[in-house]
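Per my numbering, the very first residue in the sequence shown carries number 415; after that it's consecutive.
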Amino acid sequence: MAIGFTKNEAGKSKTEPPSFTLVGPKTLIRKIESTFALNLLDELTFFSPSGKAGEIFELPASVKGGKVERILLVGLGDSSLNAHRISAGAIARKFRGKKVSIASLVIGDKSALETHATSLALGGFQWSQKSAPVDGAPKFLINSEKSLDRAAVISAAVNNARALIHTPANIKNPEWMALQVKKLAKSPSLKVTVKSGKELAEFGGLRAVGNSSPKPGPRFIQVSYAPAGSSQWPHVVLVGKGITFDTGGVSLKRPYDTMTAMKSDMAGAAAVLATVIAMPELKPKVRVTALLMMAENALSGTAQRPSDVITHYGGTTVEVINTDAEGRLVLADGLAFADLHLNPDYLLDVATLTGAASLGLGRQYAAMYTRSAKVAKDLSTSGERSGDRVWHMPLVDDYAIALKSSIADFNHTADKPKFGAGSVTAALFLEKFVGERNWIHLDIAGPARSESDTGEQPKGGTGFGVRLLIDWITHSL
Numbered sequence: 415m416a417i418g419f420t421k422n423e424a425g426k427s428k429t430e431p432p433s434f435t436l437v438g439p440k441t442l443i444r445k446i447e448s449t450f451a452l453n454l455l456d457e458l459t460f461f462s463p464s465g466k467a468g469e470i471f472e473l474p475a476s477v478k479g480g481k482v483e484r485i486l487l488v489g490l491g492d493s494s495l496n497a498h499r500i501s502a503g504a505i506a507r508k509f510r511g512k513k514v515s516i517a518s519l520v521i522g523d524k525s526a527l528e529t530h531a532t533s534l535a536l537g538g539f540q541w542s543q544k545s546a547p548v549d550g551a552p553k554f555l556i557n558s559e560k561s562l563d564r565a566a567v568i569s570a571a572v573n574n575a576r577a578l579i580h581t582p583a584n585i586k587n588p589e590w591m592a593l594q595v596k597k598l599a600k601s602p603s604l605k606v607t608v609k610s611g612k613e614l615a616e617f618g619g620l621r622a623v624g625n626s627s628p629k630p631g632p633r634f635i636q637v638s639y640a641p642a643g644s645s646q647w648p649h650v651v652l653v654g655k656g657i658t659f660d661t662g663g664v665s666l667k668r669p670y671d672t673m674t675a676m677k678s679d680m681a682g683a684a685a686v687l688a689t690v691i692a693m694p695e696l697k698p699k700v701r702v703t704a705l706l707m708m709a710e711n712a713l714s715g716t717a718q719r720p721s722d723v724i725t726h727y728g729g730t731t732v733e734v735i736n737t738d739a740e741g742r743l744v745l746a747d748g749l750a751f752a753d754l755h756l757n758p759d760y761l762l763d764v765a766t767l768t769g770a771a772s773l774g775l776g777r778q779y780a781a782m783y784t785r786s787a788k789v790a791k792d793l794s795t796s797g798e799r800s801g802d803r804v805w806h807m808p809l810v811d812d813y814a815i816a817l818k819s820s821i822a823d824f825n826h827t828a829d830k831p832k833f834g835a836g837s838v839t840a841a842l843f844l845e846k847f848v849g850e851r852n853w854i855h856l857d858i859a860g861p862a863r864s865e866s867d868t869g870e871q872p873k874g875g876t877g878f879g880v881r882l883l884i885d886w887i888t889h890s891l
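Have a look at this one:
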């Protein structure tokens with residue numbers, strides 16, 4: 415069983431030791447101490463652990479009859495929501511792949527209950543294609559009178575996204591993704607539409623990228639949550655970049671070993687899919703539509719070239735400068751389609767779009783672009799509450815000159831490599847396809863992937879964006 419603790423500052427006297435506080439139901443903790451003949455505070459004082467979030471101090475404790483139980487004392491740091499995420503993730507990772515039951519008593523503050531429960535489920539995530547079977551999965555027991563149904567729905571949604579992201583690209587192509595969507599979208603309140611082949615004639619950006627891998631070719635996947643009686647509800651359209659593998663195309667990625675992570679270049683599509691699939695269980699009074707722009711950016715004889723001019727959905731022409739900036743081309747078609755046909759109150763896209771965003775913000779924050787101060791505030795609040803944090807970035811209109819083309823309506827990237835502001839100019843390009851809509855762009859290139867197991871995040875795809883979008887939709891709209 416796991417019991418949380420915090421470490422308090424030492425007294426004024428340098429010889430006075432620091433004190434500790436146990437976190438959790440006091441009556442239950444006293445019963446545990448009595449059963450195992452332990453004084454947990456004395457143990458903490460004697461061993462004096464640091465108390466940092468995620469630190470685990472293990473005590474062996476035997477009961478009558480010879481049965482041995484393990485007691486874990488888990489550091490909660492400053493007891494913030496983020497500290498609870500780190501601590502719960504550490505507990506889950508310790509027992510990942512093991513068929514054991516763990517009673518988790520580290521909650522303390524009831525406001526942290528959903529966060530703690532969600533992070534336990536996220537920290538235990540594993541995806542493997544090893545020939546040897548995994549032993550099992552840990553089972554967590556939480557002492558609470560409050561329903562944890564919402565935490566279960568959210569964690570399942572994130573882990574659904576993670577599983578899709580982790581799937582190798584030799585399995586995961588646009589056709590396979592369409593099949594997975596149909597398997598996952600089982601609720602009668604969800605409607606799935608898939609376009610391919612000649613049905614994509616007007617989707618110039620999606621075809622330009624996806625025709626580099628003509629078999630099976632690109633897919634446009636629409637998943638809608640609009641239950642009976644919802645016609646007057648607000649409508650949110652989520653557009654996700656779904657590049658199942660990104661070589662960079664003719665503008666081949668360098669160094670080449672960066673390609674090993676490119677099976678995760680569809681993390682935006684996975685996030686918007688997982689979000690809409692969670693809606694029937696969460697039942698917000700909001701209509702939600704997810705558009706998954708699925709393609710592979712391959713290097714082949716049918717791949718697009720720098721200097722090509724393509725016509726996007728709605729008629730805008732774009733000169734291609736760098737084929738490794740393919741994400742904005744597929745997103746542009748989705749945004750234009752949503753603007754022209756779906757009448758969204760909020761139009762939001764999610765994409766692993768630019769290395770510039772991850773260079774500027776690292777792995778902990780996504781770059782958020784919007785002209786609405788209210789939406790920016792609401793999403794920032796949802797980010798802090800959910801753990802998927804965002805940073806409001808400027809849409810610098812002066813930088814739009816970088817997208818000027820002499821032969822098309824726009825360039826899709828700056829034609830001068832040293833212009834800079836790559837994340838900003840990418841957002842300015844996308845904005846040209848949203849009409850007058852209330853639009854938000856999330857560049858998740860940094861937090862969509864983790865380089866190692868840390869906190870509640872596994873190495874690889876993190877499922878970033880799912881918790882953020884669910885929190886925003888259910889709390890702010």
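Even for Gly, the Cβ is constructed at its ideal location relative to N, Cα and C.
Relative to residue 627, the option among 705, 711, 604, 779 whose CA is nearest is 711. Excluding five sequence positions before and after residue 582, the CB atoms of its chain that fall closer than 8 Å to its own CB belong to 543, 677, given in chain order. Taking 8 Å as the cut-off, the beta carbon of residue 633 is found no closer than this to the beta carbon of residue 680.
Residue 608 places its beta carbon 8 Å or farther from that of residue 622. Just so you know, the alpha carbons of residue 857 and residue 519 end up roughly 36 Å apart. The beta-carbon separation of residue 695 and residue 567, rounded to 5 Å, stays under the 8 Å limit for a contact.
When the five nearest sequence neighbours on each side are left out, the beta carbons in the same chain lying within less than 6 Å of the beta carbon of residue 759 are those of 648, 649, in order along the chain.
Annotation for residue 438: no alpha helix (DSSP H) segment contains it, and DSSP assigns it neither H nor E. Annotation: residue 853 to residue 431 spans about 54 Å, alpha carbon to alpha carbon. For the pair residue 873 and residue 531, the Cα-to-Cα distance works out to about 20 Å. For residue 434 against residue 419, the beta-carbon gap comes to about 5 Å, under 8 Å, which counts as contact. For residue 732, the uninterrupted beta strand (DSSP E) run begins and ends at 731 to 733, by DSSP.
Proximity to residue 891 across 438, 788, 719 peaks at 788, based on C-alpha coordinates.
Per the Cβ contact rule, the stretch 805 to 822 is not in contact with the stretch 745 to 762 (fewer than 3 Cβ pairs under 8 Å). Excluding the 5 residues flanking it on each side, residue 490 has same chain C-beta neighbours closer than 8 Å at 418, 419, 420, 437, 465, 467, 497, 498, 501, 520, 522, in chain order. Within the same chain, and ignoring the five residues on either side of residue 754 in sequence, the residues whose Cβ sits closer than 7 Å to its Cβ are 728. Within 10 angstroms of the beta-carbon of residue 762 lie 16 or more other beta-carbons, which makes it buried. For residue 837, the enclosing alpha helix (DSSP H) stretches over residues 836 to 845. The beta carbon of residue 855 is closer than 6 Å to those of 763, 783, 841, 844 in its chain, skipping five residues each way along the sequence.
By the beta-carbon neighbour count (other beta carbons within 10 angstroms, threshold 16), residue 825 is buried. The DSSP-derived three-state label of residue 871 is strand. For the 8 Å CB-CB criterion, residue 888 and residue 698 form a contact. The Cβ-Cβ distance between residue 752 and residue 705 falls below 8 Å. A residue is called buried when at least 16 other Cβ atoms come within 10 angstroms of its Cβ; residue 776 does not meet this threshold and is exposed. Put simply, of 675, 587, 483, 604 the residue whose alpha carbon is nearest the alpha carbon of residue 860 is 675. The three-state reading of DSSP puts residue 419 in strand, counting E and B together. In this structure residue 806 is in contact with residue 790, their Cβ atoms being roughly 5 Å apart against a cut-off of 8 Å. Looking only at 552, 515, 750, the smallest Cα-Cα distance to residue 851 is reached by 750.
Residue 866 and residue 537 have their C-alpha atoms roughly 12 Å apart.
By the neighbour-count definition (other C-beta atoms within 10 Å, threshold 16), residue 487 is a buried residue. Residue 713 and residue 598 have their C-alpha atoms roughly 31 Å apart.
Contact between residue 606 and residue 652 does not hold, since the beta-carbon distance rounds to 15 Å and is not under 8 Å. For residue 586, the closest alpha carbon among the candidates 835, 804, 644, 629 is that of 629. Residue 517 and residue 555 do touch by the CB rule: their CB atoms are close to 5 Å apart, below 8 Å. With fewer than 16 other Cβ atoms inside 10 Å of its own Cβ, residue 584 counts as exposed. Shown here, residue 645 sits in coil according to DSSP, grouped into three states, outside any helix or strand.
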